[in-house]
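In my numbering, the protein residues as written are 2 to 101.
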């Protein structure tokens, strides 16, 4: 079938996200991460071998590229080039929900 249907709550999870890793789902060449973190939480600086698009759905995140920081609010997004160090933290008072 050319279309796959998945439920977010059926995806592998850790404390802060549900992750669709394409290679683990019949070799699909894409990844989607549903992020849901408490204030002050978020991943430290890391990098990927692929471009990552981060869409803030709810809350406020402060993105860090190792040299500068920028606040991104609901309705905004960040595009991270392959190999670019990046991290973010929930800098708001409520939950941060984003889709990467």
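Heads up, the beta-carbon is just placed ideally off N, CA and C, and yes, glycines get one too.
Straight-line measurement puts the Cα of residue 31 at about 25 Å from the Cα of residue 91. Per DSSP, the continuous beta strand (DSSP E) segment holding residue 81 begins and ends at 78 to 81. Residue 93 and residue 61 have their C-alpha atoms roughly 5 Å apart. Under the 8 Å Cβ criterion, the segment 74 to 91 counts as touching the segment 41 to 57, having at least three qualifying pairs.
Taken through DSSP and simplified to helix, strand or coil, residue 42 comes out as coil.
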